[in-house]
Amino acid sequence: MHKKHKRFERYTLFGEVAKQLSFSKAADTLGISRSYLSSQINQLEQELNTSLLIRSTRNVRLTAAGEKILAKMHIINASIVELEKELEHTKSDVSGLLSITAPTIFSHRFLIDICAEFQSLHPQIEFDLDIGYNRQDLTKSPFDLAIRATNTPPENMVAKKLMPYQHLCCASPQYIAKYGAPSHPNQLVSHNCLSDPHLRHWQFEAQQNIINVETSGNLYISDNLLLLKAAEQGQGIIKMPCYLVNPALESGRLLRLLPEYQLAQSQIYLIFPPQLRRSTKMMAFVDFVQQWFARCKSTC
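Take the position in the sequence shown, starting the count at 1, then add 295; the result is the number in the numbering used here.
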(Lines of atoms letter the chains of each structure in order from A; the text may use other names.)
(Lines give C-alpha, C1' and ligand atoms only; values in the text may rest on other atoms or scores of the structure.)
Protein backbone atom coordinates (compact mmCIF):
# COMPACT_ATOMS: atom_id res chain seq x y z
CA MET A 296 0.00 0.00 0.00
CA HIS A 297 3.04 2.26 0.45
CA LYS A 298 2.92 5.15 -2.05
CA LYS A 299 0.54 3.40 -4.41
CA HIS A 300 -0.51 6.73 -5.87
CA LYS A 301 3.07 7.37 -6.98
CA ARG A 302 3.27 3.94 -8.56
CA PHE A 303 0.06 4.59 -10.49
CA GLU A 304 1.44 7.97 -11.61
CA ARG A 305 4.56 6.21 -12.93
CA TYR A 306 2.46 3.66 -14.81
CA THR A 307 0.53 6.54 -16.39
CA LEU A 308 3.74 8.33 -17.36
CA PHE A 309 5.14 5.11 -18.79
CA GLY A 310 1.96 4.60 -20.80
CA GLU A 311 2.49 7.93 -22.58
CA VAL A 312 6.17 7.16 -23.31
CA ALA A 313 5.18 3.74 -24.64
CA LYS A 314 2.51 5.31 -26.84
CA GLN A 315 4.79 8.01 -28.24
CA LEU A 316 8.02 5.92 -28.19
CA SER A 317 9.74 9.20 -27.40
CA PHE A 318 10.59 10.81 -24.07
CA SER A 319 10.57 14.30 -25.59
CA LYS A 320 7.13 13.94 -27.22
CA ALA A 321 5.67 12.30 -24.11
CA ALA A 322 7.05 15.06 -21.87
CA ASP A 323 5.54 17.73 -24.14
CA THR A 324 2.16 15.97 -24.15
CA LEU A 325 2.18 15.54 -20.37
CA GLY A 326 3.44 19.07 -19.71
CA ILE A 327 6.39 17.94 -17.58
CA SER A 328 10.15 18.06 -17.97
CA ARG A 329 11.97 15.30 -19.83
CA SER A 330 14.34 14.82 -16.89
CA TYR A 331 11.46 14.29 -14.44
CA LEU A 332 9.77 11.87 -16.84
CA SER A 333 12.98 9.89 -17.30
CA SER A 334 13.61 9.72 -13.55
CA GLN A 335 10.07 8.40 -12.91
CA ILE A 336 10.41 5.68 -15.56
CA ASN A 337 13.77 4.68 -14.10
CA GLN A 338 12.19 4.50 -10.66
CA LEU A 339 9.36 2.32 -11.99
CA GLU A 340 11.85 -0.08 -13.57
CA GLN A 341 13.73 -0.32 -10.27
CA GLU A 342 10.55 -0.97 -8.32
CA LEU A 343 9.51 -3.72 -10.77
CA ASN A 344 13.07 -5.00 -11.08
CA THR A 345 12.73 -5.28 -14.85
CA SER A 346 13.48 -3.27 -17.99
CA LEU A 347 10.47 -1.76 -19.69
CA LEU A 348 12.22 0.18 -22.45
CA ILE A 349 15.19 -0.33 -24.71
CA ARG A 350 16.74 3.10 -25.22
CA SER A 351 19.14 4.22 -27.92
CA THR A 352 20.30 7.65 -29.04
CA ARG A 353 17.66 7.68 -31.79
CA ASN A 354 14.66 5.72 -30.62
CA VAL A 355 12.85 3.92 -27.82
CA ARG A 356 11.49 0.37 -28.03
CA LEU A 357 9.38 -1.65 -25.61
CA THR A 358 10.52 -4.82 -23.91
CA ALA A 359 8.08 -7.72 -23.49
CA ALA A 360 7.31 -6.43 -19.99
CA GLY A 361 6.77 -2.95 -21.40
CA GLU A 362 4.34 -4.29 -24.00
CA LYS A 363 2.37 -6.06 -21.27
CA ILE A 364 2.08 -2.91 -19.15
CA LEU A 365 1.06 -0.83 -22.17
CA ALA A 366 -1.75 -3.29 -22.98
CA LYS A 367 -3.02 -3.07 -19.40
CA MET A 368 -2.80 0.73 -19.42
CA HIS A 369 -5.02 0.81 -22.53
CA ILE A 370 -7.65 -1.13 -20.57
CA ILE A 371 -7.28 1.10 -17.50
CA ASN A 372 -7.50 4.30 -19.54
CA ALA A 373 -10.60 3.04 -21.36
CA SER A 374 -12.20 2.22 -18.01
CA ILE A 375 -11.46 5.72 -16.71
CA VAL A 376 -12.94 7.30 -19.85
CA GLU A 377 -16.07 5.15 -19.43
CA LEU A 378 -16.36 6.04 -15.74
CA GLU A 379 -16.02 9.77 -16.40
CA LYS A 380 -18.68 9.57 -19.12
CA GLU A 381 -21.10 7.81 -16.80
CA LEU A 382 -20.50 10.32 -13.99
CA GLU A 383 -20.98 13.25 -16.37
CA HIS A 384 -24.32 11.79 -17.46
CA THR A 385 -25.83 11.20 -14.00
CA LYS A 386 -27.47 14.64 -13.86
CA SER A 387 -31.26 14.66 -14.03
CA ASP A 388 -31.50 17.94 -15.96
CA VAL A 389 -30.50 18.75 -19.55
CA SER A 390 -27.25 20.56 -18.87
CA GLY A 391 -23.51 20.13 -19.15
CA LEU A 392 -21.21 19.08 -21.97
CA LEU A 393 -22.00 16.82 -24.92
CA SER A 394 -18.98 15.67 -26.96
CA ILE A 395 -19.77 14.70 -30.54
CA THR A 396 -17.60 13.38 -33.37
CA ALA A 397 -19.06 13.73 -36.87
CA PRO A 398 -18.09 13.79 -40.56
CA THR A 399 -17.17 17.15 -42.06
CA ILE A 400 -19.88 17.30 -44.74
CA PHE A 401 -22.69 16.31 -42.38
CA SER A 402 -21.48 18.89 -39.84
CA HIS A 403 -21.44 21.74 -42.37
CA ARG A 404 -24.82 20.77 -43.75
CA PHE A 405 -26.71 19.92 -40.56
CA LEU A 406 -24.88 19.67 -37.25
CA ILE A 407 -24.27 23.35 -36.51
CA ASP A 408 -27.96 24.14 -37.04
CA ILE A 409 -29.02 21.15 -34.94
CA CYS A 410 -26.77 22.18 -32.03
CA ALA A 411 -27.90 25.81 -32.19
CA GLU A 412 -31.59 24.83 -32.10
CA PHE A 413 -31.02 22.40 -29.23
CA GLN A 414 -29.15 25.05 -27.23
CA SER A 415 -32.02 27.48 -27.77
CA LEU A 416 -34.24 24.94 -25.97
CA HIS A 417 -31.61 23.99 -23.38
CA PRO A 418 -29.28 26.96 -22.73
CA GLN A 419 -27.25 25.03 -20.12
CA ILE A 420 -25.95 22.58 -22.75
CA GLU A 421 -22.44 22.97 -24.17
CA PHE A 422 -21.05 21.15 -27.22
CA ASP A 423 -17.54 19.93 -27.96
CA LEU A 424 -17.47 18.98 -31.66
CA ASP A 425 -14.79 16.90 -33.38
CA ILE A 426 -15.22 17.40 -37.12
CA GLY A 427 -13.41 15.19 -39.61
CA TYR A 428 -13.23 11.70 -41.02
CA ASN A 429 -11.36 9.81 -38.30
CA ARG A 430 -13.75 7.23 -36.86
CA GLN A 431 -13.26 7.56 -33.13
CA ASP A 432 -13.68 4.48 -30.95
CA LEU A 433 -16.37 5.53 -28.47
CA THR A 434 -15.23 2.83 -26.00
CA LYS A 435 -11.81 4.50 -25.67
CA SER A 436 -12.28 8.13 -26.67
CA PRO A 437 -13.93 10.86 -24.57
CA PHE A 438 -16.75 11.42 -27.09
CA ASP A 439 -20.32 10.75 -25.98
CA LEU A 440 -21.79 10.07 -29.39
CA ALA A 441 -20.87 9.87 -33.06
CA ILE A 442 -22.57 10.57 -36.36
CA ARG A 443 -21.69 7.85 -38.87
CA ALA A 444 -22.37 7.27 -42.56
CA THR A 445 -22.58 3.48 -42.75
CA ASN A 446 -24.76 0.51 -43.58
CA THR A 447 -23.30 -1.54 -40.72
CA PRO A 448 -23.32 0.38 -37.41
CA PRO A 449 -21.17 -1.20 -34.65
CA GLU A 450 -23.00 -3.95 -32.79
CA ASN A 451 -21.68 -2.85 -29.37
CA MET A 452 -23.33 0.59 -29.71
CA VAL A 453 -26.87 1.92 -29.68
CA ALA A 454 -27.57 3.03 -33.25
CA LYS A 455 -30.39 5.41 -34.22
CA LYS A 456 -31.09 5.77 -37.94
CA LEU A 457 -31.37 9.43 -38.98
CA MET A 458 -31.65 9.47 -42.78
CA PRO A 459 -30.82 7.54 -45.94
CA TYR A 460 -28.77 9.17 -48.67
CA GLN A 461 -27.18 8.39 -51.99
CA HIS A 462 -24.46 9.92 -54.13
CA LEU A 463 -25.37 11.97 -57.21
CA CYS A 464 -23.39 12.97 -60.29
CA CYS A 465 -23.64 16.70 -61.02
CA ALA A 466 -22.16 19.46 -63.14
CA SER A 467 -22.93 23.12 -63.73
CA PRO A 468 -25.05 24.33 -66.67
CA GLN A 469 -21.93 26.09 -68.03
CA TYR A 470 -19.92 22.86 -68.05
CA ILE A 471 -22.72 20.91 -69.73
CA ALA A 472 -23.21 23.64 -72.36
CA LYS A 473 -19.51 23.50 -73.22
CA TYR A 474 -18.76 19.76 -72.98
CA GLY A 475 -22.14 18.05 -73.13
CA ALA A 476 -23.76 15.65 -70.64
CA PRO A 477 -22.74 11.98 -70.50
CA SER A 478 -25.57 9.56 -71.29
CA HIS A 479 -23.73 6.49 -69.92
CA PRO A 480 -21.26 6.15 -67.01
CA ASN A 481 -18.54 4.90 -69.39
CA GLN A 482 -18.59 8.30 -71.10
CA LEU A 483 -17.21 9.86 -67.90
CA VAL A 484 -13.71 8.80 -68.99
CA SER A 485 -13.92 11.61 -71.58
CA HIS A 486 -14.93 14.21 -68.98
CA ASN A 487 -13.12 16.21 -66.33
CA CYS A 488 -14.16 14.45 -63.10
CA LEU A 489 -13.32 16.22 -59.87
CA SER A 490 -12.78 14.08 -56.78
CA ASP A 491 -10.77 13.18 -53.75
CA PRO A 492 -7.46 11.71 -55.01
CA HIS A 493 -8.33 8.40 -53.31
CA LEU A 494 -11.92 8.23 -54.63
CA ARG A 495 -11.45 8.22 -58.39
CA HIS A 496 -13.21 4.86 -58.79
CA TRP A 497 -16.93 5.47 -59.32
CA GLN A 498 -19.40 2.58 -59.28
CA PHE A 499 -22.86 2.68 -60.83
CA GLU A 500 -25.75 0.21 -60.97
CA ALA A 501 -28.52 -0.18 -63.54
CA GLN A 502 -30.90 -3.12 -63.83
CA GLN A 503 -28.73 -5.10 -61.40
CA ASN A 504 -25.64 -4.56 -63.57
CA ILE A 505 -22.57 -3.02 -61.96
CA ILE A 506 -20.62 -0.47 -64.00
CA ASN A 507 -17.18 0.54 -62.74
CA VAL A 508 -15.52 3.69 -64.03
CA GLU A 509 -11.99 4.87 -63.29
CA THR A 510 -12.36 8.64 -63.58
CA SER A 511 -9.69 11.25 -64.19
CA GLY A 512 -9.53 15.00 -64.00
CA ASN A 513 -7.30 18.02 -63.56
CA LEU A 514 -8.27 18.78 -59.96
CA TYR A 515 -8.14 16.47 -56.95
CA ILE A 516 -9.10 17.84 -53.52
CA SER A 517 -9.62 16.03 -50.23
CA ASP A 518 -12.29 18.59 -49.25
CA ASN A 519 -15.82 18.04 -50.60
CA LEU A 520 -16.91 21.62 -50.03
CA LEU A 521 -14.11 22.87 -52.28
CA LEU A 522 -14.99 20.26 -54.89
CA LEU A 523 -18.59 21.46 -54.76
CA LYS A 524 -17.46 25.04 -55.28
CA ALA A 525 -15.25 24.04 -58.23
CA ALA A 526 -18.17 22.20 -59.84
CA GLU A 527 -20.45 25.22 -59.39
CA GLN A 528 -17.81 27.29 -61.18
CA GLY A 529 -18.00 24.96 -64.19
CA GLN A 530 -14.69 23.18 -63.70
CA GLY A 531 -15.96 19.59 -63.97
CA ILE A 532 -18.26 16.77 -62.85
CA ILE A 533 -18.55 15.70 -59.21
CA LYS A 534 -20.06 12.76 -57.31
CA MET A 535 -21.38 13.88 -53.94
CA PRO A 536 -23.90 12.92 -51.23
CA CYS A 537 -27.36 14.19 -52.14
CA TYR A 538 -27.71 16.17 -48.92
CA LEU A 539 -24.65 18.25 -49.86
CA VAL A 540 -25.57 19.01 -53.48
CA ASN A 541 -29.35 19.37 -53.12
CA PRO A 542 -29.26 23.14 -52.38
CA ALA A 543 -27.19 23.69 -55.55
CA LEU A 544 -29.54 21.45 -57.56
CA GLU A 545 -32.62 23.27 -56.27
CA SER A 546 -31.12 26.67 -57.15
CA GLY A 547 -29.98 25.54 -60.61
CA ARG A 548 -26.27 26.09 -59.88
CA LEU A 549 -25.81 22.36 -60.62
CA LEU A 550 -27.70 19.87 -62.78
CA ARG A 551 -27.99 16.16 -62.04
CA LEU A 552 -26.35 13.76 -64.48
CA LEU A 553 -27.04 10.08 -65.21
CA PRO A 554 -30.21 9.94 -63.05
CA GLU A 555 -31.12 6.45 -64.31
CA TYR A 556 -27.90 5.00 -62.90
CA GLN A 557 -27.72 4.41 -59.15
CA LEU A 558 -24.65 5.36 -57.13
CA ALA A 559 -23.68 4.26 -53.65
CA GLN A 560 -26.48 4.40 -51.09
CA SER A 561 -25.98 4.50 -47.34
CA GLN A 562 -27.50 5.59 -44.02
CA ILE A 563 -26.66 8.24 -41.49
CA TYR A 564 -26.70 6.90 -37.93
CA LEU A 565 -26.34 8.48 -34.52
CA ILE A 566 -24.48 6.04 -32.27
CA PHE A 567 -23.60 6.05 -28.57
CA PRO A 568 -22.51 3.58 -25.85
CA PRO A 569 -25.37 1.59 -24.28
CA GLN A 570 -24.40 2.62 -20.73
CA LEU A 571 -25.48 6.19 -21.59
CA ARG A 572 -29.12 5.18 -22.26
CA ARG A 573 -30.10 6.60 -18.86
CA SER A 574 -28.45 9.95 -19.45
CA THR A 575 -31.07 12.70 -19.42
CA LYS A 576 -29.16 15.09 -21.65
CA MET A 577 -28.08 12.33 -24.04
CA MET A 578 -31.58 11.00 -24.61
CA ALA A 579 -33.00 14.52 -24.88
CA PHE A 580 -30.48 15.26 -27.64
CA VAL A 581 -31.02 11.92 -29.41
CA ASP A 582 -34.81 12.43 -29.43
CA PHE A 583 -34.38 15.99 -30.67
CA VAL A 584 -32.10 14.94 -33.55
CA GLN A 585 -34.46 12.17 -34.63
CA GLN A 586 -37.42 14.57 -34.61
CA TRP A 587 -35.33 17.17 -36.48
CA PHE A 588 -34.69 14.73 -39.32
CA ALA A 589 -38.28 13.52 -39.30
CA ARG A 590 -39.25 17.13 -40.12
CA CYS A 591 -36.65 17.28 -42.89
CA LYS A 592 -37.44 14.10 -44.83
CA SER A 593 -37.42 16.03 -48.07
CA THR A 594 -33.72 16.78 -47.72
CA CYS A 595 -32.67 13.78 -49.89
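Ideal Cβ placement from N, Cα and C applies to all residues, glycine included.
C-alpha gap between Q585 and S333, whole angstroms
Walking along the sequence shown from the start, residue 585 turns up at place 290. Walking along the sequence shown from the start, residue 333 turns up at place 38. If I take the Cα positions, the gap works out to 51 Å.
Contained alpha helix (DSSP H) runs [length at least 4] in the stretch 494-551, N- to C-terminal order
519-527 and 537-546
If you draw a straight line from the alpha carbon of A526 to that of L549, how long is it in whole angstroms?
Taking the sequence shown and counting its residues from 1, one reaches residue 526 at position 231. Taking the sequence shown and counting its residues from 1, one reaches residue 549 at position 254. Computed Cα separation, rounded: 8 Å.
Measure from the C-beta of Q469 to each C-beta in chain C and report whether the shortest distance is under 8 Å.
This model lacks chain C altogether; it includes just one protein chain.
Taking Cβ positions, are F438 and T396 nearer each other than 8 Å?
As a working note, residue 438 is residue 143 in the sequence shown. As a working note, residue 396 is residue 101 in the sequence shown. Yes; because the gap between Cβ atoms is below 8 Å, this pair is in contact.
How is K299 classed by DSSP in three states: helix, strand or coil?
Along the sequence shown, read from residue 1 onward, the residue named residue 299 stands at position 4. Looking at K299 - three-state DSSP - the assignment turns out to be helix.
Give me the DSSP bridge partner(s) of K455.
As a working note, residue 455 is residue 160 in the sequence shown. BP columns for K455 point to L565.
Cα separation between C410 and F422?
Indexing the sequence shown from 1 puts residue 410 at position 115. Indexing the sequence shown from 1 puts residue 422 at position 127. Taking the straight line from one Cα to the other gives about 8 Å.
Hey, quick one: how far does the alpha helix (DSSP H) through F422 stretch, first residue to last?
In the sequence shown, the residue the question calls residue 422 occupies position 127. F422 -> not in any alpha helix (DSSP H); beta strand (DSSP E) instead, spanning I420 to I426.
Okay, do the stretch 526-543 and the stretch 458-471 touch, 3+ Cβ pairs below 8 Å being the bar?
yes
With distances taken Cα to Cα, identify the nearest neighbour of L558 among N487, H496 and Q419.
As a position in the sequence shown, residue 558 is number 263, starting the count at 1. Among N487, H496 and Q419, the Cα nearest to that of L558 is on H496.
Which residue wins for smallest C-alpha separation from I420, given the options F583, A322, K455 and V389?
Looking up residue 420 in the sequence shown gives position 125. Of the residues F583, A322, K455 and V389, the one whose Cα lies closest to the Cα of I420 is V389.
Is the Cβ-Cβ distance between L343 and L357 less than 8 Å?
On the sequence shown, residue 343 is found 48 positions in, with the first residue counted as 1. On the sequence shown, residue 357 is found 62 positions in, with the first residue counted as 1. Taking 8 Å as the Cβ cut-off, L343 and L357 do not qualify as a contacting pair.
Among all the DSSP beta bridges, which residues are the ones paired with G391?
Sequence index remark: in the sequence shown, residue 391 carries index 96 (1-based). Per DSSP, I420.
Could you name the residues that DSSP lists as bridge partners for T269?
The shown model of the chain, from 296 to 595, leaves out residue 269, and the question about it has no answer.
Hey, how far is the Cα of Q414 from the Cα of A476?
Reading the sequence shown from its first residue, position 119 is the one you call residue 414. Reading the sequence shown from its first residue, position 181 is the one you call residue 476. In a straight line, the C-alpha of Q414 is about 45 Å away from that of A476.
What does DSSP give as the partner residues of H604 in its beta bridges?
Nothing can be reported for residue 604: it is not among the residues displayed for the chain, which extend from 296 to 595.
Residues in the same chain with beta-carbon distance under 7 Å from A454, minus the five sequence neighbours each way, listed in chain order, please.
Position 159 of the sequence shown, counting from 1, holds the residue named residue 454. So the qualifying residues of the chain are P448, Y564 and I566.
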